[in-house]
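According to numbering that gives the first Met the number 0, the sequence shown is numbered sequentially starting from 0.
Just so you know, even glycine gets a beta-carbon here, dropped at the ideal spot from N, CA and C.
Given the structure is predicted, the values throughout are model-derived calculations rather than measurements.
A short write-up of the structure that comes next.
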Amino acid sequence: MNWKKAVYTLKIFGITVGILLILATLEWQFSPLQKTFAWYQLRTDGYTSLAESQRYVSQLFGEPPYHPSTKFGLILEDTITETSETAQPHTSSTQEDANFLTDQTYLFPVGQDGIYDLEYHSLYLQDKEVAKYTHAGKQHVLMIPQVTYTGKKDKTEVEKELTTQWKTLVSAITKKDKTSAETLLTPKEFENFSKITGLKDLSYRVAPTGKVKLKVGAEESATIQVGTVEIKQSNCSVVADVPILYLKDQKIYRFSDVYVALASLCEKPKPTSSVLSCANCWLAPVSKQFALKSTYAPYTVSTGLNGGGTVTPETKGALTKLFADAKAAGITKIRVSSSYRSFTVQTNLFNTYVRNEKKSGLSEAQAIEKANTYSAKPGHSEHQLGTTLDLVACSYPCSLYDSANGTLNTFLHNNAYKYGFVISYPNGSQAYTGYVYEPWHIRYVGVNYATELYNRGYLKKKGFYLYQFLLEKGKY
Ligand SMILES: [Zn+2]
């Protein structure tokens, strides 16, 4: 045989085989055989519902209907024989529960596996049923032999018991006594035990509602909420509910979500805007966080005291007494260094400080930051309230930092509260207030608040100052 001819024949043969293979593949792709194969594939994939099967078939063969008149018609038959054994309670009985609320009932399902088949689908090719699809999966269902429990215990008795238990729980929480708490809380709540705080100043009452609502035949929950403990702090109107749960399997009552209830209780109201909207802002938490409006300008009168200046009339009354007592205590040079400052005055003052800081080589941003440790930005100054003063005890001109002021500063530290004044920026408070220690800067908040703050140790312990106190009081 000619060598070249042999190669040529082989090439032709190869190409022919290739073309035939491609055609065969195409034919396979669109053949009824392939569709049948797909159907069987569908069966073994275990699609669970007719709708799901139809979706799958649509992906393979395009959108329905798959009618016999089309070349490879395919019909999904949905007249399925339902052979499922519907999950239903097949036994029921009644028992008494000595611990549950009288005249109330609950169901206690006992789970039991049952089995039922789902549905049949049929595959038709050209009007001829060629396959039946039986969903092979045996479905597990819960058969429910129901026990209806009827309560026997008097509600008043339960209420009494729960009140005692709640008191025990409060005591356990206060003492951090985990052992006692464990027997009163749900296991889930007990995990939160370390987070439960804030029971100080708590008043409460137990109020089991006794209303037990059950979804008939479907009550699978292991607990029933039978009531709540309403809790409330005496200085706050918010009432929170601690759910009381009945654990059906153990037939005991437990407190739940104490942590959540306490956390929601007496959330301190916080201003929503950084610019305070108060009309009379004398108790507003003016700070780095919250500013007065630029237009806020209270009615002020002359102090009539050494150093002059103006303050609100209430402030003047308190200040006059303070001056008299300070003088009587030997601080004869007591003087107003600064009093009410309008928004504009504060703007100019702050800008002056910034300019001075820049002279020492700081950038604008650095200078503002530095100045803001000892002077407030416009709107953020308590001096705009007309209730705030800087006092010195040295002859003019002298600095706030003059050592001669020492006696006055000590006097203010020990006595200012008696006149209704608070030292806004105490020693060691810069991390909290943002301002350096200013023993001379006092703000009038009234004797009650000033005394409460003093008694709560705001000058001794760190982390609790006028700002937090005013947020707590929320009177702005
Ligand atoms: Zn000041």
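Next on the checklist: Would Tyr373 and Tyr434 be called neighbours here (beta carbons separated by less than 8 Å)?
Outcome noted: Within the sequence shown, numbered from 1, the residue matching residue 373 stands at position 374. Within the sequence shown, numbered from 1, the residue matching residue 434 stands at position 435. In this structure, Tyr434 lies closer than 8 Å to Tyr373 by Cβ.
Checklist entry - Is the stretch 343 to 362 close to the stretch 304 to 320, with three or more CB pairs under 8 Å? => result With fewer than three CB-CB distances shorter than 8 Å, the stretch 343 to 362 does not count as touching the stretch 304 to 320.
Item to check | Status (buried if at least 16 other CB within 10 Å, exposed otherwise) for Gln103 | outcome: Your numbering for residue 103 matches position 104 in the sequence shown. Per the 10 Å Cβ criterion, buried.
Checklist entry - Got a sec: does ligand 1 put a non-hydrogen atom nearer than 7 Å to the Cβ of Ser337? => result The sequence position of residue 337 within the sequence shown is 338, counting from 1. Yes.
Checklist entry - Could you give the distance in angstroms between the alpha-carbon of Lys369 and the alpha-carbon of Glu356? => result One-based indexing of the sequence shown puts residue 369 at position 370. One-based indexing of the sequence shown puts residue 356 at position 357. Rounded to the nearest angstrom, the two C-alpha atoms are 7 Å apart.
Item to check | As assigned by DSSP and simplified to three states, the class of Arg340 | outcome: Walking along the sequence shown from the start, residue 340 turns up at place 341. In the three-state scheme derived from DSSP, where H, G and I count as helix and E and B as strand, Arg340 is classed as coil.
Next on the checklist: Counting only C-beta atoms, is Asp240 closer than 8 Å to chain C at any point?
Outcome noted: As a matter of chain content, chain C is missing from the structure shown, which is built from one protein chain.
Item to check | Straight-line Cα distance separating Ala239 from Glu275 | outcome: Residue numbering aside, residue 275 sits at position 276 when the sequence shown is read from its first letter. Residue numbering aside, residue 239 sits at position 240 when the sequence shown is read from its first letter. Correcting the residue identity first, residue 275 is Leu in this sequence and not Glu. Note on geometry: alpha-carbon atoms of Leu275 and Ala239 lie some 29 Å from one another.
Item to check | Length of the line joining the Cα atoms of Leu384 and Gly226 | outcome: Here residue 384 refers to the residue found at position 385 of the sequence shown. Here residue 226 refers to the residue found at position 227 of the sequence shown. C-alpha of Leu384 to C-alpha of Gly226: approximately 49 Å in a straight line.
Next on the checklist: Following a CB-centred definition, is His440 positioned closer than 7 Å to any heavy atom of ligand 1?
Outcome noted: On the sequence shown, residue 440 is found 441 positions in, with the first residue counted as 1. Distance from the C-beta of His440 to the nearest heavy atom of ligand 1 is below 7 Å.
Next on the checklist: Between the alpha carbons of Gly216 and Tyr105, how many angstroms are there, rounded?
Outcome noted: Here residue 216 corresponds to residue number 217 of the sequence shown, with the count starting at 1. Here residue 105 corresponds to residue number 106 of the sequence shown, with the count starting at 1. Only weak support is given to the placement of Gly216: the predicted model assigns it a pLDDT of 35, under 50, and the value that follows is read from those uncertain coordinates. When rounded, the distance between both Cα atoms is 10 Å.
Next on the checklist: Considering only DSSP beta bridges, list what Gln249 is partnered with.
Outcome noted: Numbered from 1 along the sequence shown, position 250 holds the residue referred to as residue 249. Looking at the DSSP assignment, Gln249 forms no beta bridge with any residue, so it has no partner.
Checklist entry - According to the neighbour-count rule (16 or more other Cβ atoms, all chains shown, within 10 Å of its Cβ), is Tyr424 buried or exposed? => result Taking the first residue of the sequence shown as position 1, residue 424 is located at position 425. With 16 or more other Cβ atoms within 10 Å, it is buried.
Item to check | Which of helix, strand or coil DSSP assigns to Asp324 | outcome: Here residue 324 refers to the residue found at position 325 of the sequence shown. Here Asp324 sits in helix by DSSP.
Checklist entry - Going by other Cβ atoms of all chains shown within 10 Å of its Cβ, with 16 needed for buried, is Thr93 buried or exposed? => result As a first step, residue 93 is located in the sequence shown; it is residue number 94 there, counting from the start. Note on Thr93: under 16 other CB atoms within 10 angstroms of its CB, so exposed under the neighbour-count rule.
Checklist entry - Say the cut is 7 Å; is the CB of His382 nearer than that to a heavy atom of ligand 1? => result Working through the sequence shown from its first residue, we reach residue 382 at position 383. His382 has its CB nearer than 7 Å to a heavy atom of ligand 1.
Item to check | Sequence-distant residues of its chain with Cβ nearer than 8 Å to Pro207 (five each side left out) | outcome: Position 208 of the sequence shown holds residue 207. Caution applies to Pro207, whose pLDDT of 49 falls short of 50 and renders its modelled position unreliable; the model cannot decide the point.
Checklist entry - Which residues mark the beginning and the end of the beta strand (DSSP E) in which Leu440 is found? => result Indexing the sequence shown from 1 puts residue 440 at position 441. Position check: residue 440 holds His in this sequence, whereas Leu was assumed. Residues 440 to 443.
Checklist entry - Buried or exposed: Glu188, going by 16 or more other Cβ atoms within 10 Å of its Cβ? => result If you number the sequence shown from 1, residue 188 lands on position 189. Flag for Glu188 reads buried.
Item to check | Beta-bridge partners of Gln94, as assigned by DSSP | outcome: Working through the sequence shown from its first residue, we reach residue 94 at position 95. For Gln94, DSSP records a beta bridge to Tyr148.
Checklist entry - Looking at C-alpha atoms only, which residue of Asn279, Cys280, Val285 is the closest neighbour of Ser273? => result Taking the first residue of the sequence shown as position 1, residue 273 is located at position 274. The residue from Asn279, Cys280, Val285 with its alpha-carbon nearest to that of Ser273 is Val285.
Checklist entry - Which same chain residues, not among the five before or five after Ala171, have their C-beta less than 6 Å away from its C-beta? => result The count along the sequence shown starts at 1 and reaches residue 171 at position 172. Cβ within range, chain order: Ser179, Ala180.
Checklist entry - Going by the C-beta, is Thr372 closer than 7 Å to any heavy atom of ligand 2? => result As far as ligands go, the structure on display features ligand 1 and does not contain ligand 2.
Item to check | Same chain only: Cβ atoms within 6 Å of Gly419, ignoring 5 sequence neighbours per side | outcome: Along the sequence shown, read from residue 1 onward, the residue named residue 419 stands at position 420. These residues qualify, in order along the chain: Ala317, Tyr443, Gly445, Val446, Ala449.
Checklist entry - How is Lys194 classed by DSSP in three states: helix, strand or coil? => result As a first step, residue 194 must be located in the sequence shown, where it is residue number 195. Three-state DSSP puts Lys194 in a helix.
Checklist entry - For Val441, which option in Lys459, Tyr431, Lys417, Ala430 has the closest C-alpha, if you only look at C-alpha atoms? => result Working through the sequence shown from its first residue, we reach residue 441 at position 442. According to the sequence provided, residue 441 is Ile. The question's Val does not apply to it. Nearest of Lys459, Tyr431, Lys417, Ala430 to Ile441, Cα basis: Lys417.
Checklist entry - Measuring CA to CA, which of Asp248, Thr222, Pro396, Phe463 is closest to Lys332? => result Here residue 332 refers to the residue found at position 333 of the sequence shown. The candidate whose alpha carbon is nearest that of Lys332 is Pro396.
Checklist entry - Do Glu437 and ligand 1 come close, with the Cβ less than 7 Å from some heavy atom? => result If you number the sequence shown from 1, residue 437 lands on position 438. Here the distance from the Cβ of Glu437 to the nearest heavy atom of ligand 1 is below 7 Å.
Item to check | Range covered by the alpha helix (DSSP H) that runs through Phe289 | outcome: Reading the sequence shown from its first residue, position 290 is the one you call residue 289. For Phe289, no alpha helix (DSSP H) run applies, since DSSP gives it neither H nor E.
Item to check | Same chain, Cβ closer than 8 Å to Asp176, neighbours up to 5 away in sequence not counted | outcome: Position 177 of the sequence shown, counting from 1, holds the residue named residue 176. The answer, listed in chain order, is Ser170.
Item to check | Glu437, DSSP secondary structure in three states | outcome: Here residue 437 corresponds to residue number 438 of the sequence shown, with the count starting at 1. Glu437: coil per DSSP, three-state reduction.
Next on the checklist: Let's test the definition: count the other Cβ atoms within 10 Å of the Cβ of Phe410 and tell me whether it reaches 16, buried, or not, exposed.
Outcome noted: The count along the sequence shown starts at 1 and reaches residue 410 at position 411. Classification of Phe410: buried, given that the 10 Å Cβ count is 16 or more.
Checklist entry - Hey, would you say the C-beta of Asp240 is under 7 Å away from at least one heavy atom of ligand 1? => result By one-based count along the sequence shown, residue 240 stands at place 241. With a threshold of 7 Å, the Cβ atom of Asp240 does not count as near ligand 1, since no heavy atom of the ligand is closer than that.
Item to check | Bounding residues of the alpha helix (DSSP H) (the contiguous stretch that carries Val157) | outcome: By 1-based counting over the sequence shown, the position of residue 157 is 158. Element bounds for Val157: 154 to 173.
Next on the checklist: Among the candidates Glu95, Ile223, Lys231, whose CA atom is the shortest distance from the CA of Leu246?
Outcome noted: On the sequence shown, residue 246 is found 247 positions in, with the first residue counted as 1. Ranking the options by Cα distance to Leu246, first place goes to Ile223.
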